[in-house]
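J.:
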Amino acid sequence: MKHRIVVLGAGYAGAWGAGNLARRLSPADTEITVVNAVPDFVERMRLHHLAAGHDLAFRTLSDVFSGTGVRLRLARVTGVDPERKTVTLTGEGDEHGEHGDHGDHGDHGEGELAYDTLLYTLGSSVAQHDVPGVAEHAFDVTGLPSALRLRERLARLGAGGSVLVVGEGLTGIEAATEFAESRPDLCVSLAARGEVGAWLSPRARRHLRRAFDRLGITVHDNSGIDAVEPGRAITVDGRSLAADVTVWSAGFAVHPLAAASGLQVTGSGRIVVDRTMRSLTHPDVYAAGDCAHAIGENGKPLPMSCATAGFTAQQATAAITARLTGRPVPLTGLKYYGNHISLGRRDAIFQMVDADVRSMSWYLGGGGAARLKSAILTGAGWNVAHPTFGLPARTRRLAAAPRASGVGATA
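Note that the sequence shown covers residues 0 to 410 in numbering that gives the first Met the number 0.
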């Protein structure tokens, strides 16, 4: 029988990981199935552009995996049983072969899917932090459905309407500046628990403040939000901030599915993995992306980010390939070099960081940084859309080496 690899989730980590496993492992020995709830690859880093009214072209996952041999299963994951090595699925299932055909490739719709190796990449969603009113009255840009709802609401908001973005992280800053640049007729503000951009170098922080001033964004520093109500948000010290639309971007949270499965997780529900992204308690399970509690080269947990998705997916696929082919497991880089923050379409900040992810004095700002960020976004999407395109030379040599076990790799 073929070795069954199941990938849960087709975001940046899952889609890239599945394609690279298909590139490295022989289809004569392995069968790779990707489970995802929606048929499109969603570029999460562009969802604030979509919400602001810009049109985005989404690639279908069937096109992404065309020609790779990867099977696509459209369904929602409702359970993982690492003892029985099965996942439970529900929803309207649909599978496509490598040419998009609808042949009989296994179970459809609800049911169980068995695996020999599981790559868990279900990502994260918005963290509501149990703040009253967030679920009922706030919007977010962490998923396609929520970004589309916000897009529709902003389109109905007339001139002079108020938009409050809650959260001083990268998502909050990028959302606020995108909304202000795309809709200069709106009154955009940002509420931060501390000081916006406090982690940046002094020069980069001044650049950020100038960008806010240029775009007319009102900043409420030291204004943690205690409740969201229709037309306003209430700060922890009792102040009322007017908001026709409140956009919640105060962090990310993972689904409790992993914790419920019996996998070892952190208090926040992220799967605890070793240096190769392998579960500490279940060696047939690997995790990558936001749902993995991975330790970087500085000894600290990697943050939830697109960069982390890339680092951890690269390490997980390298480890899976090596172990299935009987080769030594290579260690890929888990080191951050900087934070890149878009400030609308024509401005950005690239902040270099040291080994402890502390901001260095050097930063790049302005149009050059914006073009670099645009190239990064384009490159990330292109890499997912071409998952089997030429791997680095070291990986090609590894894949081309003679077989060392029953599962083979292609050149």
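Note that CB positions come from ideal geometry on N, CA and C, so glycine has one too.
Could you work out which residue in SER123, GLU82, LYS84 and VAL86 is closest to GLY10 when comparing CA atoms only?
T.: When each option's Cα is compared against that of GLY10, the closest is SER123.
J.: Where does the unbroken beta strand (DSSP E) through GLY110 begin, and where does it stop?
T.: Note, GLY110: beta strand (DSSP E), 110-113.
J.: Could you tell me the alpha carbon to alpha carbon distance between VAL146 and MET0, rounded to whole angstroms?
T.: Before going further, note that residue 146 is Ala rather than Val in the sequence given. The alpha-carbon atoms of ALA146 and MET0 are separated by roughly 43 Å.
J.: Within the continuous alpha helix (DSSP H) that includes SER181, where are the two ends?
T.: 169-181 is the extent of the alpha helix (DSSP H) around SER181.
J.: For GLY16, I'd like the list of residues in its chain whose CB is within less than 7 Å of its CB, leaving aside the five on either flank, ordered along the chain.
T.: So the list reads VAL6, LEU118, THR120, ALA287, ALA312, ALA315 and THR316, once near-sequence residues are dropped.
J.: For the stretch 339-346 against the stretch 360-379, do three or more pairs of beta-carbon atoms, one drawn from each stretch, fall closer than 8 Å, so that the two count as touching?
T.: Yes, since at least three Cβ pairs between the stretch 339-346 and the stretch 360-379 fall closer than 8 Å, the two stretches touch.
J.: What is the residue span of the beta strand (DSSP E) that TYR285 lies within?
T.: Residues 284-286.
J.: Checking 8 Å against the spacing of the C-beta atoms, do ALA411 and GLN350 come in under that value?
T.: As displayed, the chain neither begins before 0 nor continues past 410, which places residue 411 out of reach and without an answer.
J.: Measure the C-alpha to C-alpha separation of ALA308 and GLY215 and round it to an integer number of angstroms.
T.: Rounded to the nearest angstrom, the two C-alpha atoms are 33 Å apart.
J.: For the beta strand (DSSP E) containing PHE310, name the first residue and the last one.
T.: No beta strand (DSSP E) holds PHE310; the alpha helix (DSSP H) holding it covers 305-323.
J.: Are SER248 and VAL130 touching if we call contact CB-CB under 8 Å?
T.: Their beta carbons are not under 8 Å apart, which means SER248 does not touch VAL130 by this criterion.
J.: Name the two residues that bound the continuous alpha helix (DSSP H) containing LEU19.
T.: Note that residue 19 corresponds to Asn in the displayed sequence, not to Leu. First-last of the alpha helix (DSSP H) with ASN19: 11-23.
J.: Along the chain, where does the alpha helix (DSSP H) that runs through VAL412 open and close?
T.: No answer is possible for residue 412: it lies beyond the span of the chain, which begins at 0 and ends at 410.
J.: Could you give the DSSP three-state label for ASP106: helix, strand or coil?
T.: At ASP106 the pLDDT is 39, less than 50, meaning the model places this residue with poor confidence and gives no usable figure here.
J.: Would you tell me roughly how many angstroms separate the C-alpha atoms of ALA190 and VAL244, rounded to the nearest one?
T.: In a straight line, the C-alpha of ALA190 is about 13 Å away from that of VAL244.
J.: On the DSSP letters alone, give me the boundaries of the alpha helix (DSSP H) that GLU458 sits inside.
T.: Absent from the model: residue 458. The displayed extent of the chain is 0 to 410, so no value can be given.
J.: Taking the alpha-carbon positions, what's the ARG345 to CYS186 distance?
T.: Computed Cα separation, rounded: 20 Å.
J.: Give the secondary structure of MET44 by DSSP, where H, G and I count as helix, E and B as strand, and everything else as coil.
T.: Helix, per DSSP.
J.: By Cβ distance, which residues of its chain are closer than 8 Å to GLY230, with the 5 residues on each side in sequence left out?
T.: If we look at GLY230 and ignore the five residues flanking it on each side, its Cβ neighbours are ALA241, ALA242 and ASP243.
J.: From SER358 to ALA347, what distance separates their C-alpha atoms?
T.: Their backbone Cα atoms lie some 16 Å apart in a straight line.
J.: Helix, strand or coil, according to DSSP, for GLY96 in the structure here?
T.: Confidence is the limiting factor: at GLY96 the pLDDT is only 35, short of 50, which leaves the residue's position unreliable, though a coordinate-based value still follows. Reduced to three states, the DSSP call for GLY96 is coil.
J.: GLY364: which of THR265, HIS206, ASP212 and GLY298 sits nearest, CA to CA?
T.: When each option's Cα is compared against that of GLY364, the closest is HIS206.
J.: Which same chain residues end up closer than 8 Å to ALA403 when comparing Cβ atoms and leaving out the 5 residues on each side of it in sequence?
T.: Here ALA403 scores only 38 on pLDDT, less than 50, and its place in the model is too uncertain to base an answer on.
J.: Report yes if the C-beta distance between VAL41 and PHE64 is below 8 Å; otherwise report no.
T.: For VAL41 and PHE64, no; Cβs fall outside 8 Å.
J.: With a threshold of 16 other CB atoms inside 10 Å of the CB of ASP355, please say whether the residue is buried or exposed.
T.: Per the 10 Å Cβ criterion, exposed.
J.: Please say whether VAL272 and ALA293 have beta carbons closer to each other than 8 Å?
T.: Going by C-beta atoms, ALA293 is nearer than 8 Å to VAL272.
J.: Where ARG23 and LEU330 are concerned, what is the direct C-alpha to C-alpha distance, given to the nearest angstrom?
T.: In a straight line, the C-alpha of ARG23 is about 16 Å away from that of LEU330.
J.: Counting only the same chain and skipping the five closest in sequence on each side, list residues whose C-beta sits under 6 Å from that of GLY295.
T.: So the qualifying residues of the chain are LEU301 and LEU333.
J.: Using three-state DSSP, classify ALA291 as helix, strand or coil.
T.: DSSP places ALA291 in strand when its eight states are reduced to three.
J.: Taking the alpha-carbon of VAL284 as reference, which of THR170, ASP220, ALA197 and GLY261 has the nearest alpha-carbon?
T.: Cα-wise, what sits closest to VAL284 is GLY261.
J.: Using the Cβ count rule (16 or more neighbours within 10 Å means buried), how would you classify ASP289?
T.: Buried, because 16 or more other Cβ atoms sit within 10 Å of the Cβ of ASP289.
J.: Compute the beta-carbon to beta-carbon distance between ASN221 and GLY250, rounded to the nearest angstrom, for a pair I have assumed lies under 8 Å.
T.: No, ASN221 and GLY250 are not in contact; Cβ-Cβ is about 17 Å, not under 8 Å.
J.: Could you say which of ARG155, ILE224 and HIS128 lies nearest to SER267 if we only look at CA atoms?
T.: Checked all of ARG155, ILE224 and HIS128; the closest Cα to SER267 is HIS128.
J.: For ASP103, collect the residues of the same chain with a Cβ closer than 7 Å to its Cβ; drop the 5 residues on either side in sequence, then sort them by chain order.
T.: In this predicted model, ASP103 has a pLDDT of only 32, less than 50, meaning its place in the structure is not dependable enough to derive any value.
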